[in-house]
Amino acid sequence: QQPVQSPQAVILREGEDAVINCSSSKALYSVHWYRQKHGEAPIFLMILLKGGEQKGHDKISASFNEKKQQSSLYLTASQLSYSGTYFCGTADDKIIFGKGTRLHILP
Amino acid sequence: GAGVSQSPSNKVTEKGKDVELRCDPISGHTALYWYRQSLGQGLEFLIYFQGNSAPDKSGLPSDRFSAERTGGSVSTLTIQRTQQEDSAVYLCASSFGLAGANEQFFGPGTRLTVL
C-alpha cells in the first residue's frame, strides 16, 4: 500500500518552516525520505527505523511514530536550495514511495 | 568512486519495438532496484535484485517487462513490444543491503519515449 503524503504542495518564503507528513496503513519497518529536484535523481535525506535509530543528514530533522505508522519531516529556516519534491517511502526489503510533496521556496 | 550510471540517458523508440535499459550500480552494492517515474508522478517500484536473484518482481506492469542482473553487478531492464504508456523515466538505485536499513543511491535515469 502506497503511503499518503500531506500536503501535496507547499509554498514558503525563505526562512519559514514546513512540516511534511507521511502515513501508512501498513506496519512499518522503516521510513525513508528523499528529495528530488526537477530533472535530477532523488537524493537520500534520512532513514528512520523501528526502535528509534535514524540515519541521515545532520541538518534534517524527522520523526517516526511506529504506533501510528506516521512520519514527519521538519524543514526549519528554509533555504532556496530546499525547493524540490519530497518523497517518503515505507520500506522492508523494498521501498514503496508516496506521491510526493512539492516544496517551492520564494526569496 | 563512481555513482550509479545508466544508459542510454535518452531513448526514443517506435511503438512495438523492444528496448533494453542498462544500470551499473556502485561497486560492492548487493541490492539493486528499478523504478519508473511518469511525468510529474512519484516513484513506482518495479523490481529488485539481491545479488543476481530477483525476490520481488511484483511491480513489473506486465509480462512485456523483464529484468536480469549478472555477476552481482550490471542489470538490464527489457521492455518488449513497447507501448506509448511505457513512456517514462526509468530509474535505477543501488544500496549496500536491502532497503529496510540502507540508503539508496539513484542513477540519473533513462528517459524513454515511445512514439
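Which chain is which? The protein sequence lines are A and B, in order.
If you read the first sequence in the numbering used here, its first letter stands for residue 22, the second for the next number, and so on.
If you read the second sequence in the numbering used here, its first letter stands for residue 210, the second for the next number, and so on.
Every residue, glycine too, gets a C-beta built ideally from N, C-alpha and C.
Nearest neighbour of glycine 73 of chain A by Cα position, chosen from A:Pro63, A:Ser92, A:Gly60, A:Phe65, turns out to be A:Ser92. Within chain B, Leu300, Phe315, Gly316, Pro317, Gly318 have C-beta atoms less than 7 Å from the C-beta of alanine 62 of chain A, given in sequence order.
Annotation: the continuous beta strand (DSSP E) that includes lysine 76 of chain A extends over 75-77. Here phenylalanine 108 of chain A is bridged, per DSSP, to A:Tyr55. By the Cβ criterion, the stretch 298-306 of chain B is in contact with the stretch 230-244 of chain B, since at least three pairs of Cβ atoms, one from each stretch, lie closer than 8 Å. By the criterion of a C-beta distance shorter than 6 Å, phenylalanine 118 of chain A is surrounded in its chain by Phe108, Gly110, once the five residues flanking it on both sides are discounted. Excluding residues up to 5 positions away in sequence, Val52, Leu69, Ser92 lie with their Cβ nearer than 7 Å to the Cβ of phenylalanine 85 of chain A in the same chain. Against chain B, a Cβ distance below 8 Å from isoleucine 68 of chain A picks out Ala310, Asn311, Glu312. Of all residues in the stretch 28-57 of chain A, only Tyr50, Ser51, His53, Tyr55, Gln57 place a beta-carbon less than 9 Å from a beta-carbon of chain B. In this chain, the beta strand (DSSP E) harbouring aspartate 233 of chain B covers 228-233. Comparing alpha-carbon positions, the option among B:Gln250, B:Asn261, B:Ile288, B:Val283 lying closest to glutamate 223 of chain B turns out to be B:Ile288. Against chain A, the CB of proline 264 of chain B has a partner CB under 8 Å away; the residue lies at that interface. Look at phenylalanine 85 of chain A: its C-beta is not under 8 Å from any C-beta on chain B.
Distance between serine 104 of chain A and valine 31 of chain A, taken at the CA atoms: about 10 Å. Not a single CB atom of chain B sits nearer than 8 Å to the CB of aspartate 79 of chain A. Membership of alanine 263 of chain B in the beta strand (DSSP E) is indicated by the continuous run 262-265. If you check the CB distance, serine 214 of chain B and aspartate 233 of chain B come in under 8 Å.
Around the C-beta of alanine 211 of chain B, fewer than 16 other C-beta atoms lie within 10 Å, and the residue is accordingly described as exposed. B:Leu230 is the residue among B:Ser236, B:Ile235, B:Leu230, B:Gln259 whose C-alpha sits nearest the C-alpha of arginine 245 of chain B.
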